[in-house]
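Q:
What follows is the structure in structure tokens.
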């Protein structure tokens with residue numbers, strides 16, 4: 587029962603009505619960034635900010651906080667007192683408390699796989715009742731304890747590239763690529779009362795969910811094969827979740843918009859554009875998609 | 587006696603004559619920003635800078651000063667020696683002294699509600715003889731001692747969203763929304779020799795003053811329902827006050843221009859644009875408005 | 587013998603020939619910036635960078651160095667070991683040594699008037715044999731010891747606004763404005779073997795030199811009446827000096843280009859544009875001026 | 587056997603096929619930047635990022651790391667624990683380990699010539715088996731021990747301006763300029779099993795290799811005679827090497843694209859544009875070049 591994700595996905599975009607305010611559009615929390623890799627967290631935040639969500643907050647190691655405050659005036663930061671340069675389990679309670687009043691969580695970009703970080707990620711995966719996007723190092727951490735993936739307490743969207751998917755499944759990257767539908771639906775039937783969605787990145791990103799549905803994306807171009815693009819996507823999907831799009835819709839919309847934003851750059855730039863530029867094009871991609879679907 | 591604020595408000599914009607200099611256009615002081623929320627102060631400063639005011643200075647916790655100096659080359663900063671990460675009453679004397687030579691004060695964005703901050707805000711509200719914009723946490727602090735609001739020594743413009751207005755008045759948010767005219771004129775007759783203006787934000791922002799006048803704005807769009815937009819508005823109104831626009835004019839012009847700047851983005855971006863982008867569009871909004879009203 | 591500075595000044599712009607390299611276009615040294623006012627130094631550097639000079643270096647208090655390195659990738663910085671937050675005489679020897687291999691010096695923007703800074707400025711004024719632009723606080727410092735102004739060892743360009751000129755001359759601001767030609771030529775006959783040029787800012791900026799010539803500028807607009815514009819001008823004139831334009835030419839070209847850059851913004855922005863935006867428009871202003879004068 | 591490098595060089599640009607990912611396009615490591623000269627490293631990273639390479643990492647002194655993290659969200663950084671403000675031999679092992687999984691190395695921009703840095707550069711030159719670009723201070727260091735240049739273990743691209751080439755060869759700058767072909771092929775026959783390419787910068791940049799071939803570039807303009815342009819070029823060539831372009835192709839393509847990017851700015855900006863602007867135009871230059879050669 588696969589589907590193709592093309593411009594018609596724009597019908598899912600909900601037009602905004604005047605009598606709304608930032609509270610209507612949710613509050614995204616991002617747990618990301620460690621020393622040397624704060625850029626991944628910044629790019630995720632840009633993806634979230636340009637998704638149209640109401641607010642974005644980043645929980646970050648306190649020693650790196652000035653970097654985030656300088657780079658991201660529209661986001662708020664939560665300097666983690668127990669974490670100097672790497673987010674760790676020491677700040678678990680504070681982060682859990684910070685999920686209060688939030689509507690979605692993104693975890694992983696630039697996180698590293700320090701042992702303190704591992705414990706933090708695994709506990710948040712098991713405990714947080716918000717819909718949650720897991721990317722990058724959060725996936726590498728989950729891959730160390732794959733039995734913890736099943737039956738999460740709330741929807742989880744995993745956004746692996748094929749190498750990360752191989753680690754999550756114990757299969758080879760070749761096997762993942764040979765059966766991308768199979769990989770994207772690997773967690774079918776394993777989410778219990780909840781939902782696990784897999785966004786298997788690559789040309790023709792495949793989106794599968796634990797209910798067995800799958801879809802293949804048609805937007806995007808090989809100029810996107812560069813660092814930081816996945817971070818923007820994680821933040822974008824998180825921002826859509828924060829706006830209360832259903833996980834299956836947020837995943838498909840996010841993947842399509844992300845590729846469309848990069849496609850809008852192609853007239854002038856076939857290659858060499860950056861992830862920041864794709865993030866900055868997301869509003870134009872949404873506007874274009876609304877126009878195509880008569881919003 | 588309500589009025590509608592549309593493009594005709596542009597007639598209030600005073601054309602600039604050649605024989606003027608930066609001193610002609612005032613000096614705005616902003617007291618804002620605390621750790622994790624410096625972005626709100628940056629956005630307010632951008633609102634002020636793009637309003638056309640002569641100079642903008644920010645009084646900020648000294649531990650956060652490098653963030654502001656890096657992000658805002660056109661603004662000056664005053665690192666507060668007694669405040670490391672949160673502005674506090676320890677620096678009251680210095681801030682009061684800094685109001686010398688200034689023409690307006692904005693207080694509140696990203697301030698937090700620490701007890702030291704509370705004392706600072708309340709004293710400045712009661713003591714400063716400059717026109718003053720109060721936003722965000724400054725309003726939450728005023729709401730703790732609402733009896734201090736009446737009879738200020740100089741004009742005060744409060745810019746609450748409905749939740750903040752509820753706290754200021756002791757009413758429910760529902761009650762505020764049910765009678766927005768009543769809310770915007772809540773302080774009618776309570777300013778003594780001075781003036782209190784309420785800018786009740788939301789779709790159709792309502793501006794009311796203590797003399798009983800009220801006006802409803804017609805510019806703006808729901809893409810503005812995202813973090814930081816209010817910070818830009820506070821800085822913009824402050825910048826107009828600093829240029830010696832009468833408070834009632836500064837409030838109405840500021841609200842209209844803020845919405846118009848966001849409307850100018852709508853051709854390309856229906857949603858997902860940021861508060862920085864709105865601030866950067868303010869000069870084009872002023873230019874557009876001048877053209878429409880034959881300046 | 588006054589002249590009007592209009593587009594014909596573009597004839598002074600020397601077309602670049604292919605067989606040149608960055609060494610051909612000089613190296614500008616800027617001594618500027620103190621805590622709270624680093625932005626002025628950044629804006630001066632942007633003026634220098636966009637003038638087409640080969641290299642720009644900033645000598646800055648070491649405690650503020652990260653701000654400059656983050657904001658200005660094209661400029662180099664010289665962190666002053668004896669100055670933590672304010673440039674001081676402790677670093678006189680190092681700065682004098684740094685003038686080696688440089689072709690012009692700008693001093694003043696955002697400098698403050700600390701006693702240590704005063705001594706530094708006065709000694710550099712008397713000792714440095716490079717052409718030198720003095721702006722802002724450097725002028726306020728010179729005004730404390732006006733007898734030191736005469737007979738400098740190399741050309742000096744002073745860029746006061748009327749208030750600073752009043753302090754330099756001991757006259758009132760009213761007297762300065764009443765006789766702007768007289769003010770701009772105040773130092774006539776007082777430069778000995780050298781040259782002192784006065785750029786008296788304001789609508790119709792007046793440029794006068796110690797040989798008695800004067801000129802009045804015709805570009806620019808009142809949207810420029812905002813903070814940081816003078817810092818950009820000082821850096822621009824310094825950048826032209828570094829490229830070996832004669833001081834009288836550098837002053838007139840700099841003033842005209844600065845106004846033209848701001849005029850090029852006027853179609854879209856009558857007011858509310860920033861000094862950074864004017865600096866960024868300098869290359870287009872030079873290109874426009876070259877085209878008008880058939881380069 | 588000299589050749590001219592014109593638009594036909596675009597035929598070397600390999601079109602991207604859909605089934606590729608960031609790993610396909612390599613990972614560039616940059617060792618650059620010291621206190622006061624971090625900008626050179628930032629500009630090199632921008633050259634690399636806009637070349638279309640998959641990933642860029644910078645090994646930087648740990649005391650300067652926040653500068654890089656703030657300025658470059660798309661790059662990762664490796665804070666060097668043994669180097670506070672200048673990269674040194676103390677971190678040799680860590681850097682050598684960091685070359686694992688990388689596909690090219692750029693060393694030199696903003697490095698300084700501290701004795702600790704010298705040892706680091708010379709060892710990396712002799713030991714690293716990745717293709718490597720050496721620029722700026724790395725060349726000045728090589729010039730101190732020119733006998734170490736011959737027979738490197740992997741391709742080396744040296745990008746001197748004439749003064750640096752004079753130091754590398756022991757000739758005068760005049761002699762270099764008098765025989766630019768001779769200079770560019772100075773290392774002919776001296777690379778053993780490997781390859782040494784010389785990119786002799788200046789009007790008509792000359793590219794020569796140790797096999798005796800040489801080529802002269804036809805793109806570019808004298809507006810490029812300003813600081814940081816060489817840093818961008820080094821990063822760009824490094825980014826092409828990382829994408830597995832042969833060194834001879836990477837050098838010629840890099841030089842041509844760099845000049846073309848600056849030429850694309852000439853309609854609006856003849857002079858005064860910055861190295862950051864040239865880096866940002868690289869994607870458009872590549873796209874233009876692809877179009878001209880019917881990609």
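Protein chains in written order, with the working numbering: chain W, 587 to 881; chain P, 587 to 881; chain H, 587 to 881; chain R, 587 to 881.
We treat Cβ as the ideally placed atom computed from N, Cα and C, and that holds for glycine.
Indicate the three-state DSSP secondary structure (helix, strand or coil) for residue 544 of chain H in the structure shown.
A: Since the displayed chain H opens at 587 and closes at 881, residue 544 of chain H lies outside it and no answer follows.
Q: Using three-state DSSP, classify residue 589 of chain P as helix, strand or coil.
A: Looking up residue 589 of chain P in the second chain gives position 3. Note: residue 589 of chain P maps to strand in three-state DSSP.
Q: Given that residue 855 of chain W touches chain P, what residues does it touch there, using C-beta distances under 7 Å?
A: Counting from one through the first chain, the residue named residue 855 of chain W turns up at place 269. The contacting residues do not exist; residue 855 of chain W stays about 17 Å from chain P at best.
Q: Is it the case that the Cβ atoms of residue 842 of chain H and residue 803 of chain H are separated by a distance below 7 Å?
A: Locating residue 842 of chain H in the third chain gives position 256, where the first residue counts as 1. Locating residue 803 of chain H in the third chain gives position 217, where the first residue counts as 1. Yes, these two residues count as a Cβ contact at 7 Å.
Q: So with CB distances below 7 Å, who are the chain P contacts of residue 693 of chain H?
A: As a position in the third chain, residue 693 of chain H is number 107, starting the count at 1. Here the premise fails: no neighbours, minimum Cβ distance about 18 Å.
Q: Is the Cβ of residue 747 of chain R closer than 7 Å to any Cβ of chain W?
A: The count along the fourth chain starts at 1 and reaches residue 747 of chain R at position 161. Chain W, which has no Cβ nearer than 7 Å to the Cβ of residue 747 of chain R, makes this no.
Q: Under 7 Å Cβ-Cβ, which residues of chain R neighbour residue 664 of chain H?
A: As a first step, residue 664 of chain H must be located in the third chain, where it is residue number 78. The answer, in chain order, is 622.
Q: In angstroms with no decimal places, state the Cα-to-Cα distance between residue 750 of chain R and residue 813 of chain R.
A: For the purposes of this step, residue 750 of chain R is identified with residue 164 of the fourth chain, where counting begins at 1. For the purposes of this step, residue 813 of chain R is identified with residue 227 of the fourth chain, where counting begins at 1. Distance between residue 750 of chain R and residue 813 of chain R, taken at the CA atoms: about 15 Å.
Q: Between residue 715 of chain P and residue 695 of chain P, which are expected to be in contact by the criterion C-beta below 8 Å, what is the C-beta distance as a whole number of angstroms?
A: Your numbering for residue 715 of chain P matches position 129 in the second chain. Your numbering for residue 695 of chain P matches position 109 in the second chain. So it is not a contact: roughly 22 Å between Cβ atoms.
Q: Output, in chain order, the set of chain H residues within a Cβ distance shorter than 7 Å of residue 628 of chain R.
A: For the purposes of this step, residue 628 of chain R is taken as the residue at position 42 of the fourth chain. Taking a Cβ-Cβ threshold of 7 Å, the residues of chain H close to residue 628 of chain R are 659, in chain order.
Q: Which one of P:674, P:845, P:864 and P:736 has the shortest CA to CA distance from residue 778 of chain P?
A: Looking up residue 778 of chain P in the second chain gives position 192. Comparing Cα positions, the closest option is P:736.
Q: Residues in the stretch 806-834 of chain R with C-beta within 8 Å of chain W's C-beta atoms, listed in sequence order?
A: none
Q: How about residue 692 of chain W and residue 821 of chain W: are their beta carbons less than 7 Å apart?
A: The residue labelled residue 692 of chain W in the question sits at position 106 within the first chain. The residue labelled residue 821 of chain W in the question sits at position 235 within the first chain. If you check the CB distance, residue 692 of chain W and residue 821 of chain W come in under 7 Å.
Q: So, at 7 Å on beta carbons, what are the nonlocal neighbours of residue 826 of chain P in its own chain, with the 5 sequence-adjacent residues on each side left out?
A: Taking the first residue of the second chain as position 1, residue 826 of chain P is located at position 240. 637, 836, 839 and 840.
Q: Can you list the residues of chain P that residue 637 of chain W reaches, using a CB-CB cut of under 7 Å?
A: Numbered from its first residue, the first chain carries residue 637 of chain W at position 51. Within 7 Å Cβ-Cβ: 858.
Q: Determine the DSSP secondary structure at residue 822 of chain W, reduced to helix, strand or coil.
A: The residue labelled residue 822 of chain W in the question sits at position 236 within the first chain. Helix at residue 822 of chain W.
Q: Take the Cβ of residue 852 of chain R as the centre, count every other Cβ of all protein chains shown within 10 Å, and call the residue buried at 16 or more, exposed below.
A: Here residue 852 of chain R refers to the residue found at position 266 of the fourth chain. So residue 852 of chain R counts as exposed.
Q: Contact criterion: CB-CB distance below 7 Å. Does residue 606 of chain W meet it with respect to chain R?
A: Locating residue 606 of chain W in the first chain gives position 20, where the first residue counts as 1. Not closer than 7 Å to any Cβ of chain R, the Cβ of residue 606 of chain W fails to qualify, so no.
Q: Helix, strand or coil, according to DSSP, for residue 613 of chain H in the structure here?
A: Numbered from 1 along the third chain, position 27 holds the residue referred to as residue 613 of chain H. Residue 613 of chain H: strand per DSSP, three-state reduction.
Q: State the Cα-Cα distance for the pair residue 701 of chain H and residue 620 of chain H, rounded to the nearest angstrom.
A: Against the third chain, residue 701 of chain H aligns to sequence position 115. Against the third chain, residue 620 of chain H aligns to sequence position 34. The alpha-carbon atoms of residue 701 of chain H and residue 620 of chain H are separated by roughly 13 Å.
Q: Spatial neighbours of residue 878 of chain R within its chain, please: C-beta separation below 7 Å, excluding the five flanking residues on both sides.
A: Here residue 878 of chain R is taken as the residue at index 292 of the fourth chain, counted from 1. 593 and 596.
Q: Between the C-alpha atoms of residue 713 of chain W and residue 641 of chain R, what's the straight-line distance to the nearest angstrom?
A: Taking the first residue of the first chain as position 1, residue 713 of chain W is located at position 127. Taking the first residue of the fourth chain as position 1, residue 641 of chain R is located at position 55. Straight-line Cα distance between these residues: approximately 34 Å.
Q: Which word fits residue 844 of chain H, buried or exposed, when buried means at least 16 other C-beta atoms lie within 10 angstroms of its C-beta?
A: Residue mapping note: residue 844 of chain H aligns to position 258 of the third chain, counting from 1. Around the C-beta of residue 844 of chain H, 16 or more other C-beta atoms lie within 10 Å, and the residue is accordingly described as buried.
Q: Using the three-state DSSP reduction, which class does residue 786 of chain P fall into: helix, strand or coil?
A: Numbered from its first residue, the second chain carries residue 786 of chain P at position 200. If DSSP states are grouped into helix, strand and coil, residue 786 of chain P belongs with the strands.
Q: Between the C-alpha atoms of residue 618 of chain H and residue 724 of chain W, what's the straight-line distance to the nearest angstrom?
A: Indexing the third chain from 1 puts residue 618 of chain H at position 32. Indexing the first chain from 1 puts residue 724 of chain W at position 138. About 46 Å.
Q: Name the chain P residues whose beta carbon is nearer than 7 Å to that of residue 652 of chain H?
A: By one-based count along the third chain, residue 652 of chain H stands at place 66. Per Cβ cutoff of 7 Å: 652.
Q: Tell me which same chain residues have a C-beta within less than 7 Å of the C-beta of residue 650 of chain H, skipping the five on either side of it?
A: The residue you call residue 650 of chain H lines up with position 64 of the third chain. If we look at residue 650 of chain H and ignore the five residues flanking it on each side, its Cβ neighbours are 619, 621, 624 and 671.
Q: Starting from residue 707 of chain W and walking both ways along the beta strand (DSSP E), at which residues does that stretch end?
A: On the first chain, residue 707 of chain W is found 121 positions in, with the first residue counted as 1. Element bounds for residue 707 of chain W: not the beta strand (DSSP E) but the alpha helix (DSSP H), 701-713.
Q: Residue 684 of chain P to residue 775 of chain P, Cα distance in whole Å?
A: Taking the second chain and counting its residues from 1, one reaches residue 684 of chain P at position 98. Taking the second chain and counting its residues from 1, one reaches residue 775 of chain P at position 189. The straight-line gap from Cα to Cα measures roughly 31 Å.
Q: So residue 833 of chain R is in the alpha helix (DSSP H); what residue range does that whole segment cover?
A: Walking along the fourth chain from the start, residue 833 of chain R turns up at place 247. First-last of the alpha helix (DSSP H) with residue 833 of chain R: 833-850.
Q: Taking only beta carbons into account, state which residues of the stretch 672-703 of chain R come closer than 8 Å to chain W, listed in chain order.
A: none
Q: Can you give me the C-alpha to C-alpha distance between residue 862 of chain R and residue 632 of chain H, rounded to a whole angstrom?
A: As a position in the fourth chain, residue 862 of chain R is number 276, starting the count at 1. As a position in the third chain, residue 632 of chain H is number 46, starting the count at 1. The straight-line gap from Cα to Cα measures roughly 13 Å.
Q: Which same chain residues, not among the five before or five after residue 857 of chain P, have their C-beta less than 7 Å away from its C-beta?
A: The residue labelled residue 857 of chain P in the question sits at position 271 within the second chain. The answer, listed in chain order, is 809.
Q: Below 8 Å CB to CB, which residues in the same chain sit around residue 874 of chain W once its five sequence neighbours on both sides are set aside?
A: Here residue 874 of chain W corresponds to residue number 288 of the first chain, with the count starting at 1. In its chain, beyond the 5 residues on either side, 846 and 850 have a beta carbon closer than 8 Å to the beta carbon of residue 874 of chain W.
Q: Indicate whether residue 613 of chain W and residue 663 of chain W have their beta-carbon atoms separated by less than 7 Å.
A: Here residue 613 of chain W refers to the residue found at position 27 when the first chain is read from its first residue. Here residue 663 of chain W refers to the residue found at position 77 when the first chain is read from its first residue. No, the Cβ-Cβ distance between residue 613 of chain W and residue 663 of chain W is not below 7 Å.
Q: Report the neighbours of residue 888 of chain R on chain H: residues whose CB is nearer than 9 Å to its CB, in chain order.
A: Missing from the structure shown is residue 888 of chain R; chain R here goes from 587 to 881 and no further.
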